[in-house]
Structures are given as structure tokens and as C-alpha cells.
Amino acid sequence: MSPAASQDAPRPAASAERVVARLRRHARVLILPALLLIVVAGASAYAVVVVAEWWQRLAVVGIALLVVVTGCLVPFLAWLTRRTTITTRRIILRRGVFVRVRQELLHARGYDVMVRRTWAQRAFGSGDVRIDTGHEHPVVLHDVPNPNLVQSALHELMEHEHGRIADQRRAEPSIADGDTYVWGAR
């Protein structure tokens with residue numbers, strides 16, 4: 483078969499990218515903000531009834547709102563807006579409320595994956611997955627549920643992607659067959 487005929491032949495469609503997992507931090511990070519909300523609601527309700535002056539009641543409500551916003555709402559929004567999506571070809575990290583940041587790591591590039599678990603994380607079935615891409619700062623997925631499963635899935639996806647790329651390279655016609663190749667000419 484001539485090289486021109488092989489270039490005109492239809493190529494098989496690449497497999498579509500599929501979502502393997504969508505991850506957030508373990509919900510246990512919201513336990514303290516929830517307890518703080520309960521305590522502030524109870525304490526402020528009691529304080530509003532006990533104090534006599536209207537400006538004191540207003541101060542109690544203002545302080546309670548400030549504590550709820552900074553101690554409950556901000557941690558909840560931080561948890562809600564940070565998510566990781568693992569697909570068959572890449573890892574997509576998204577975070578941010580007002581400024582959205584998106585980072586992608588391709589499985590084809592290869593990386594080291596390490597799991598670190600503290601005793602508290604082990605008790606709740608979570609852990610930190612550290613992805614070392616060879617850059618200055620590694621990517622860390624904090625408090626991921628089932629970190630060992632995430633690690634094995636990432637290893638499997640990386641291996642599959644490397645095999646797919648190797649198959650594509652073997653299927654492409656080689657120019658190292660002894661013929662001279664002129665740049666820019668086909």
C-alpha cells in the first residue's frame with residue numbers, strides 16, 4: 483500500500499473520553515462548621531432573650547451572623563467549589579468561588595501517585611492522594627474518600643493511556659523506511 487493511500491484511509495475513531503470519578507473532600511471537614519452553627523444559634527437565641535437593650539440585641543445578632551459567615555458559610559463554600567474529576571484521559575481539578583481555577587493533568591504524561599493517611603483519615607476511610615508530576619509543587623487531593631481505590635484507578639488509567647498511545651504510534655506509517663523525506667512536501 484502506498485503512503486498516499488494509507489493517509490486517505492479512514493482512521494478508527496478514538497474512544498470517547500469518559501468520566502471515571504468525581505471527587506470532593508470527605509464531608510467530615512464540615513463537622514466542626516455544623517457544630518459551630520448549632521452552638522452559635524443556641525447561644526445567640528439565649529443572649530437575645532437575656533439582654534434588655536435593643537442595641538445589645540442588635541450586637542448579638544451581628545456578631546452571631548459574622549461568626550456564622552466566617553466559621554460556617556466560608557468553609558462550606560470552599561468544600562462545595564473544590565472538586566476533582568477523573569476521566570479516562572486526564573484529571574481535572576477545579577476550585578474557587580469568585581476566581582475559578584482549572585488545572586488538568588494528562589494520564590499520558592505519567593506521574594507518581596502516593597497515598598498518605600493519618601489515623602483520623604483511616605478512621606473515616608479517607609486519605610490524601612499526592613500526584614507528583616515532576617514539577618516543583620506536587621498536586622495533593624486532600625481527604626479523598628477511598629484513596630487506595632483512587633490510586634489504583636489512576637495507575638490503571640495511566641497504563642491504559644500509555645498503551646493506547648503506543649498503539650497509535652505503531653499504526654502510523656513510518657518515515658524511517660530508507661526513503662528520503664523532504665520537509666514540507668507530501
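Note that the numbering used here has the sequence shown beginning at 483, numbered continuously upward.
Built from N, CA and C at the ideal position, the CB exists for glycine as well.
{"Query": "Return yes when the C-beta of Ala525 is under 8 Å from any heavy atom of the ligand MN, and no when it is not.", "Result": "For the ligand MN, the structure offers nothing, since it holds no ligand at all."}
{"Query": "According to DSSP, simplified to helix, strand and coil, what is Thr563?", "Result": "helix"}
{"Query": "Give the straight-line distance between the Cα atoms of Arg506 and Arg539, rounded to the nearest whole angstrom.", "Result": "39 Å"}
{"Query": "Output the boundary residues of the beta strand (DSSP E) element that contains Leu575.", "Result": "572–577"}
{"Query": "Cα separation between Arg500 and Glu654?", "Result": "25 Å"}
{"Query": "Please classify Glu586: does DSSP put it in a helix, a strand, or coil?", "Result": "strand"}
{"Query": "State yes or no: is the C-beta of Val595 within less than 9 Å of the C-beta of Gly609?", "Result": "no"}
{"Query": "Spatial neighbours of Ser612 within its chain, please: CB distance less than 6 Å, with the 5 preceding and 5 following residues excluded, ordered by chain position.", "Result": "Note that residue 612 is Arg in the sequence shown, not Ser. So the qualifying residues of the chain are Met596, Pro620, Val622."}
{"Query": "Give me whichever residues DSSP pairs with Met640 in a beta bridge.", "Result": "According to DSSP, Met640 bridges with nothing at all."}
{"Query": "To the nearest angstrom, how far is it from the Cα of Val543 to the Cα of Ala516?", "Result": "18 Å"}
{"Query": "Among Gly645, Arg646, Ala498, which one has its Cα closest to the Cα of Thr569?", "Result": "Ala498"}
{"Query": "Identify which residue in Leu512, Ile545, Arg571 has its Cα closest to the Cα of Glu641.", "Result": "Arg571"}
{"Query": "If you run the structure through DSSP and keep just helix, strand and coil, what is Asp649?", "Result": "helix"}
{"Query": "Pull up the distance between the alpha-carbon of Pro557 and that of Ala509, whole angstroms please.", "Result": "11 Å"}
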